[in-house]
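S.K.: First the structure, which I've put down as structure tokens, then a few questions once you've had a look.
Residue numbers (my numbering), protein chains in the order written: chain A, 1 to 340; chain B, 341 to 680.
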């Protein structure tokens with residue numbers, strides 16, 4: 001991780017959940033961190049995420065769609081961790097144009113900017129397991145067909161193709177990580193825009209029942225945020241990662257029922273209940289998913305280190321202490337609180 | 341083809357090569373045809389393409405990127421043949437943003453318009469074999485991996501995903517045809533922006549040598565434009581086509597050397613020569629390509645009817661007569677005359 005000492009690092013979405021944890025870690029590693037964040041109210045940004053180290057980073061309230069501004073930032077940095085995104089699946093269906101602008105158009109703009117102004121910058125792009133769509137086999141490896149079931153998945157697949165192409169044609173140093181469900185301190189909890197697990201933490205705190213769609217036997221894998229940050233840092237610093245796509249994932253695969261039961265047990269409160277799938281959610285649901293992360297284990301020596309029990313316990317402790325900082329004015333109406 | 345009699349049909353790119361031949365046929369079938377075309381000088385539009393029947397169609401100089409205008413057209417039609425596109429591969433690399441606006445953003449806009457204003461409209465989208473990238477096996481069928489080698493291919497793959505998704509989620513009646521090299525009267529010949537074969541026709545007329553990149557042993561398949569129009573009409577009218585993707589193709593697979601030799605022989609003039617690949621072209625070249633079109637043969641009973649010899653002869657006769665109408669002021673500089 002010595003690569004990052006004294007290096008200049010740009011993080012888009014740097015006040016968001018994963019971006020802020022990455023920024024904190026990079027500051028500790030001695031990097032000069034520049035954060036770009038648009039603070040969009042329905043996305044993952046929260047200034048509280050960086051309050052304990054904000055004086056150590058350069059903060060810019062700026063949108064990745066602002067090409068001219070982004071050119072300036074790209075020019076000045078050695079690394080780009082590109083985490084800014086529209087992440088809501090149902091949101092991408094109700095407003096596909098905005099999803100396209102952020103997840104496609106802005107990505108092309110960033111790569112054009114790198115190509116023209118800073119072709120030596122190392123770029124890590126946070127993509128998603130959603131590009132696979134409904135798994136044809138499990139665990140899903142990187143060769144699984146790309147058949148997304150929603151607009152967000154289509155757009156993330158498109159931008160992944162850009163990152164690969166700009167590597168192949170122009171020799172840009174790019175790496176794509178396909179994140180699975182990521183959780184931990186700093187995630188959006190007021191609704192399920194970022195990950196359903198955020199909403200679950202909130203409901204647990206409020207002692208309201210956690211709703212599980214369907215029979216609750218859908219299986220998922222989860223990464224604690226610091227494990228995800230490990231992967232991002234490796235992807236940006238290892239030559240072997242250049243031009244590659246890697247799944248993240250976990251050895252612990254768990255049904256939603258068992259996950260909810262675990263959370264109730266660990267926190268000593270709350271409850272959960274199975275409810276029918278909302279219509280607009282069922283159409284794009286992918287069923288069971290868990291990923292094969294052997295490629296990144298083999299090539300970059302990444303392993304998730306934090307067990308689900310430990311990660312959930314830490315996260316609940318965090319929100320017990322900082323709950324009020326994560327209940328913002330802006331939240332989505334109930335009918336969109338439906339992410340899985 | 342009785343479906344089209346008295347029906348209202350919208351054709352985007354209707355003054356272009358394929359669009360104009362489709363419009364002519366639909367007029368003969370008794371349809372009320374509305375043409376939308378932006379007449380962009382470096383694209384395929386040419387008013388001469390419709391001069392013999394322009395009084396029989398409604399013509400609108402409009403761009404598919406103009407969402408509000410397109411809403412009005414979508415509302416009023418029973419069929420949409422969506423042929424407007426940026427088709428140049430090298431052009432997509434030099435100006436990826438425009439390619440995205442036309443081939444991605446406008447397509448999403450059109451589908452949103454159909455969903456909101458006319459969900460019963462039947463939509464046929466002209467895609468391209470370029471979405472496959474460099475073939476992993478031959479002939480390439482519809483299950484071949486989608487691994488485009490250029491921005492244009494990425495964008496066409498993205499829009500294909502939109503058409504499939506809007507069928508699956510919203511029940512829109514969409515069909516995607518993956519066209520291979522299409523040639524015939526009405527194609528752009530002043531440069532190779534639309535297809536290299538256009539430029540070859542021009543060079544033949546001008547008795548200049550036809551340049552072939554590499555050793556000329558690359559094999560390709562070709563469809564005469566009227567065969568392509570047959571496929572479009574079937575795709576729009578057959579229920580079985582709903583939600584499907586089909587390759588077009590030809591039983592005649594031919595190397596570029598043999599193709600050039602055939603053209604020289606049939607026309608009784610001209611010559612050809614092999615030259616090294618231009619750099620920017622080699623990077624995105626796909627080698628041999630020919631498609632498996634058995635799915636559309638089986639399901640829609642489509643077969644290409646015009647032999648290569650017959651099609652080339654008809655096309656050369658057409659340009660011998662109408663050459664001057666196809667040499668427009670606007671043409672791309674030599675360094676972009678490099679499409680294959």
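Quick reminder that beta carbons are idealized off the backbone N, C-alpha and C, glycines included.
Residue 154 of chain A touches chain B at which residues, Cβ-Cβ below 8 Å?
M.R.: By Cβ distance, chain B contributes 498, 501, 502, 505.
S.K.: Step through the CB atoms of chain A and report whether any lies within less than 8 Å of the CB of residue 537 of chain B.
M.R.: Cβ-Cβ to chain A under 8 Å: no for residue 537 of chain B.
S.K.: With DSSP as the reference, label residue 53 of chain A as helix, strand or coil.
M.R.: Note: residue 53 of chain A maps to coil in three-state DSSP.
S.K.: Determine, using beta carbons only, whether residue 266 of chain A and residue 312 of chain A come nearer to each other than 8 Å.
M.R.: Their beta carbons are under 8 Å apart, which means residue 266 of chain A touches residue 312 of chain A by this criterion.
S.K.: Give the straight-line distance between the Cα atoms of residue 656 of chain B and residue 618 of chain B, rounded to the nearest whole angstrom.
M.R.: Rounded to the nearest angstrom, the two C-alpha atoms are 27 Å apart.
S.K.: By the criterion of Cβ-Cβ separation under 7 Å, what are the contact partners of residue 414 of chain B in chain A?
M.R.: Within 7 Å Cβ-Cβ: nothing; residue 414 of chain B doesn't reach chain A, min ~16 Å.
S.K.: With DSSP as the reference, please indicate the residues paired to residue 81 of chain A in a beta bridge.
M.R.: Its beta-bridge partners are A:11, A:124.
S.K.: Rounded to whole angstroms, how far is the Cβ of residue 320 of chain B from the Cβ of residue 413 of chain B, which I believe are closer than 8 Å?
M.R.: Summary: the structure shown does not reach residue 320 of chain B, with chain B confined to residues 341 through 680, and so no result is reported for it.
S.K.: Can you tell me which of the three DSSP states residue 521 of chain B falls into?
M.R.: Reduced to three states, the DSSP call for residue 521 of chain B is strand.
S.K.: Measure the beta-carbon distance from residue 177 of chain A to residue 231 of chain A and round it to whole angstroms, keeping in mind my assumption that it falls under 8 Å.
M.R.: About 6 Å; that satisfies the 8 Å criterion.
S.K.: When you compare the CB of residue 434 of chain B with every CB in chain A, is at least one pair closer than 8 Å?
M.R.: No, because no Cβ of chain A sits closer than 8 Å to the Cβ of residue 434 of chain B.
S.K.: Counting pairs of beta carbons, one from the region 460-467 of chain B and one from the region 512-529 of chain B, are three or more of them closer than 8 Å?
M.R.: A contact exists between the region 460-467 of chain B and the region 512-529 of chain B.
S.K.: Just to confirm the assignment, what range does the alpha helix (DSSP H) spanning residue 374 of chain B have?
M.R.: Not the alpha helix (DSSP H): residue 374 of chain B falls in the beta strand (DSSP E), residues 372-377.
S.K.: Using a Cβ-Cβ cut-off of 8 Å, state whether residue 66 of chain A counts as contacting chain B.
M.R.: Output row for residue 66 of chain A: interface = no.
S.K.: Note down, in chain order, all residues in the region 76-106 of chain A with a beta-carbon under 9 Å from any beta-carbon belonging to chain B.
M.R.: Flagged, chain order: 93, 96, 97, 100, 101, 104, 105.
S.K.: Pull the bridge partners of residue 514 of chain B from the DSSP assignment, please.
M.R.: In the DSSP output, where bridge partners are listed per residue, residue 514 of chain B has B:463.
S.K.: Please report the residue range of the beta strand (DSSP E) in which residue 444 of chain B lies.
M.R.: Looking at the DSSP string, residue 444 of chain B is not in any beta strand (DSSP E), and its letter there is neither H nor E.
S.K.: Cutting at 6 Å between CB atoms, please list the residues of its own chain near residue 418 of chain B, excluding the five before and the five after it.
M.R.: For residue 418 of chain B, where only same-chain residues beyond five positions count, the Cβ hits under 6 Å are 347, 348.
S.K.: Would you call the region 154-165 of chain A in contact with the region 105-112 of chain A, where contact means no fewer than 3 C-beta pairs closer than 8 Å?
M.R.: A contact exists between the region 154-165 of chain A and the region 105-112 of chain A.
S.K.: Comparing alpha-carbon positions, which option in A:241, A:154, A:10, A:288 lies nearest residue 97 of chain A?
M.R.: The option with the nearest alpha carbon to residue 97 of chain A is A:154.
S.K.: Please list the partners that residue 626 of chain B has in chain A, where partner means a Cβ-to-Cβ separation under 8 Å.
M.R.: Going along chain A, no residue has its Cβ under 8 Å from residue 626 of chain B, so there is no contact; the nearest lies around 13 Å.
S.K.: So what does DSSP say about residue 566 of chain B, is it helix, strand or coil?
M.R.: It is helical.
S.K.: If you follow the alpha helix (DSSP H) that residue 318 of chain B is in, where does it begin and where does it stop?
M.R.: No information on residue 318 of chain B is available, as it lies outside the stretch 341 to 680 that chain B covers here.
S.K.: Check whether the Cβ of residue 636 of chain B lies closer than 8 Å to any Cβ atom in chain A.
M.R.: Chain A, which has no Cβ nearer than 8 Å to the Cβ of residue 636 of chain B, makes this no.
S.K.: Can you check whether the C-beta of residue 108 of chain A is within less than 8 Å of a C-beta belonging to chain B?
M.R.: Chain B contact via Cβ: present.
S.K.: Is there at least one Cβ from chain B nearer than 8 Å to residue 341 of chain A's Cβ?
M.R.: The structure shown has nothing for residue 341 of chain A, since chain A only spans 1 to 340.
S.K.: Cα separation between residue 343 of chain B and residue 577 of chain B?
M.R.: About 6 Å.
S.K.: From the DSSP output, read off the bridge partner residues of residue 585 of chain B.
M.R.: B:516.
S.K.: So residue 488 of chain B contacts chain A; which residues on that side make the cut at Cβ distance below 9 Å?
M.R.: The contacting residues are 161, 165.
S.K.: When we look at the beta-carbon of residue 611 of chain B and count the other beta-carbons within 10 Å, is it buried (16 or more) or exposed?
M.R.: When all chains shown are included, residue 611 of chain B counts as exposed.
S.K.: From what residue to what residue does the beta strand (DSSP E) around residue 595 of chain B run?
M.R.: From DSSP, the beta strand (DSSP E) with residue 595 of chain B extends over 593-595.
S.K.: Do residue 529 of chain B and residue 541 of chain B have their beta-carbon atoms positioned less than 8 Å apart in this structure?
M.R.: Contact flag set, yes.
S.K.: Should residue 395 of chain B be labelled buried (16 or more other beta-carbon atoms within 10 Å of its own) or exposed?
M.R.: When all chains shown are included, residue 395 of chain B counts as exposed.
S.K.: Using 10 angstroms around the beta-carbon of residue 557 of chain B, count the other beta-carbons present and answer buried if the total reaches 16, otherwise exposed.
M.R.: Its Cβ having fewer than 16 others within 10 Å, residue 557 of chain B is exposed.
S.K.: In chain A, what lies closer than 7 Å to residue 623 of chain B by C-beta?
M.R.: The contacting residues are 169.
S.K.: With a CB to CB cut of under 7 Å and the five nearest residues on each side skipped, what residues in its chain are close to residue 148 of chain A?
M.R.: Once the five neighbours on either side are set aside, the close Cβ partners of residue 148 of chain A are 130, 131, 133, 154, 157.
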